[in-house]
Amino acid sequence: MKTLILKVRKNLDKEIKIASNIIDNGGLVAFPTETVYGLGASAYNEKAIKKIFEVKGRPLDNPLIVHISNLNQINEITNCLNENARKIIDKFWPGPITIILKKSSKVPDIVSAGLDSVAIRMPKNKIALSLIEKSGPIVAPSANISGKPSPTNASHVIDDLNGKIDCIIAGGNVNVGIESTIIDLTEEPTILRPGKITPKQIEKIIGKVKISKGDEKVVKAPGMKYKHYSPNAKVILVYSKDVSDLIKKYKDKKIATIGFESELSFNGGLNSLNKNLFRLFREFDKQGVEIILVKAFPERGLGLAFMNRVKKASSEVFR
Ligand code: TXA
Ligand code: MG
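The sequence shown begins at 3 in my numbering and counts up one residue at a time.
Okay, here's the thing in C-alpha cells:
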C-alpha cells in the first residue's frame with residue numbers, strides 16, 4: 003500500500019478534507035495530537051478499527067481511546083457523564099487528559115475490548131480537532147508499532163508504519179511528548195496512567211484521587227501490563243547520582259545518557275525530559291547506541307509520568 007503523506011501548510015482545509023474522506027471510507031490516518039501522534043479510524047467502523055490492531059500488532063484485549071472535538075459528541079459515547087467528569091472536562095479539555103466512563107451501546111465492543119467502560123479525550127491540536135469535527139469521533143492509539151516508543155514527530159510514524167496505512171498528516175513536533183493522563187471516573191477516581199496533568203492538578207478540581215500502581219488483581223488499564231516504549235538499546239534506570247562507574251563498566255559499548263552529563267547526553271527539567279524521552283530513544287537507536295542510562299526522579303508531579311515510562315522501557319536498575 004502507498005501511504006499518502008500530507009504536509010501541513012497554513013491553510014489546512016484541503017489536507018483535512020482528503021484525510022477525512024479516507025477516514026469516512028474506512029481507512030487509517032495518522033495525525034498529530036498535543037501528546038503523541040495517533041493512528042485514527044472512525045469510532046463506528048469495526049472493520050477499520052480491526053485494521054488498527056493488525057498494523058500495530060496490538061493485542062485485541064487492549065482498548066482504544068475515543069477522540070472527540072466537541073462536547074455534543076460525548077453523549078454518543080457515554081450516557082453516564084458524572085459530576086467529576088464535568089469538572090475535569092471544564093478545566094482540562096481540550097488537553098492531555100483521558101477520562102474513563104461507562105460506555106453507550108453505540109460504541110463497538112472492539113473499541114473497549116469488551117469492557118463496559120470507554121476512554122474519551124478531546125485533544126488540543128488544530129489538525130486533530132478539525133479532522134474529528136469533519137469525520138466524527140475517531141479512535142486512535144499511539145501511531146507506533148506495539149512495544150516501540152510512541153511517535154512525537156511524523157518521521158517516527160513513517161519509520162514504523164509507512165506502506166501499512168493510508169495516510170500520515172505531517173504536523174511537526176508534538177508539545178507534550180508522552181501520552182495523556184488517564185483517569186477512571188466510573189467509581190472512585192483513579193489515575194491509571196500518569197501524564198502531563200498531575201495528580202495535584204486533578205485533586206484541586208475533584209478532591210482526593212487514587213493512583214493505580216498497575217498491580218491490582220484486575221488490571222484496570224489493560225495497556226499498562228504490556229512491555230512498552232522500548233528502544234533496541236538496553237535502558238538502565240539509575241538511582242545513583244554518579245554514573246562514572248557505570249560509564250567505566252561499559253567503556254567498550256556505545257553509551258548515551260538522559261538526565262546526566264556525558265559525551266552523548268540530553269539534560270533538562272522534567273517538562274523537557276518528558277517531551278524528548280521517546281524522541282531520544284528513537285534517535286539513540288538510529289545512532290547505534292547500545293546502552294542508555296536514564297536518571298531516576300522522585301515519583302511525584304511530572305516525575306510520576308517520566309518514571310512510569312522509563313520503568314516500562316528499562317530492563318535493569320542501578321542504585
Ligand atoms: O495521548 C494519548 O492518549 C494518545 C493520543 C494519540 O491521544 N493515545 C494513546 O492511546 O496513548 P494508546 O492506545 O496508546 O493508549 C491507551 C491506553 C491503553 O493503556 C489502554 O489500555 C487504556 O488507554 N484504555 C483504553 N480504554 C480503556 C478502558 N475502557 N478502561 C481502562 N483503560 C483503557
Ligand atoms: Mg500506545
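Using N, Cα and C, we set each Cβ at its ideal position, and we do this for glycine too.
- [ ] Below 7 Å CB to CB, which residues in the same chain sit around Ser106 once its five sequence neighbours on both sides are set aside?
- [x] Glu78, Ile79, Thr80 and Asn81
- [ ] Could you pull the start and end residues of the alpha helix (DSSP H) that Val163 belongs to?
- [x] It should be noted that the sequence gives Leu, not Val, for residue 163. Unbroken alpha helix (DSSP H) run through Leu163: Ala156 to Leu163.
Open item on the list: Just to confirm, is the Cβ distance from Ile208 to Ile90 under 8 Å?
Closed with: yes
TODO: For the alpha helix (DSSP H) containing Ile257, list its first residue and its last residue.
DONE: Premise fails: Ile257 lies in the beta strand (DSSP E), Ile257 to Ile260, not in any alpha helix (DSSP H).
TODO: Would you kindly work out how many angstroms separate the C-alpha atoms of Ser119 and Val113, rounded to a whole number?
DONE: 10 Å
Task: Alpha carbon of Lys243 to alpha carbon of Asn64, nearest angstrom - done: 37 Å
Open item on the list: According to DSSP, Gly42 sits in a beta bridge with which residue or residues?
Closed with: Val31
Task: N- and C-terminal bounds of the beta strand (DSSP E) containing Ala115 - done: Per DSSP, Ala115 belongs to no beta strand (DSSP E) and is neither H nor E.
Open item on the list: Can you tell me whether Phe308 is helix, strand or coil according to DSSP?
Closed with: helix
- [ ] Taking Ala130 as part of the alpha helix (DSSP H), name the residues at either end of that continuous run.
- [x] Lys128 to Ser137
Open item on the list: Quick check: is any heavy atom of the ligand TXA less than 7 Å from the C-beta of Thr200?
Closed with: no
TODO: Could you tell me the boundaries of the beta strand (DSSP E) in which Lys9 lies?
DONE: Leu6 to Lys9
Task: Phe308 to Pro153 span [Cα, whole Å] - done: 16 Å
Open item on the list: Taking contact to mean 3 or more Cβ pairs, one atom from each stretch, closer than 8 Å, check whether the region 32–51 and the region 140–149 are in contact.
Closed with: yes
Open item on the list: Measuring only from the beta carbon, is Arg284 closer than 7 Å to any heavy atom that is part of the ligand TXA?
Closed with: no
TODO: Determine the direct distance from the alpha carbon of Ile99 to that of Lys251, and round the result to whole angstroms.
DONE: 41 Å
Task: C-alpha distance - Lys219 paired with Phe299, whole-angstrom precision - done: Caution applies to Lys219, whose pLDDT of 49 falls short of 50 and renders its modelled position unreliable; the value that the coordinates give is listed next. C-alpha separation (whole angstroms): 27 Å.
Open item on the list: For the beta strand (DSSP E) containing Asp168, name the first residue and the last one.
Closed with: No beta strand (DSSP E) holds Asp168; DSSP gives it neither H nor E.
Task: For Arg88, the first and last residue of its enclosing beta strand (DSSP E) - done: Run containing Arg88: none in the beta strand (DSSP E); it sits in the alpha helix (DSSP H), Glu85 to Phe94.
TODO: Please classify Lys150: is it buried, with 16 or more other beta-carbons within 10 angstroms of its beta-carbon, or exposed?
DONE: buried
- [ ] State the DSSP-derived secondary structure class of Asp63, mapped to helix, strand or coil.
- [x] coil
Open item on the list: To the nearest angstrom, how far is the alpha carbon of Lys12 from that of Gly29?
Closed with: 25 Å
- [ ] Look up Arg195 in the DSSP assignment and say whether it is helix, strand or coil.
- [x] strand
- [ ] Could you say which of Pro34, Ile134 and Phe33 lies nearest to Asn74 if we only look at CA atoms?
- [x] Ile134
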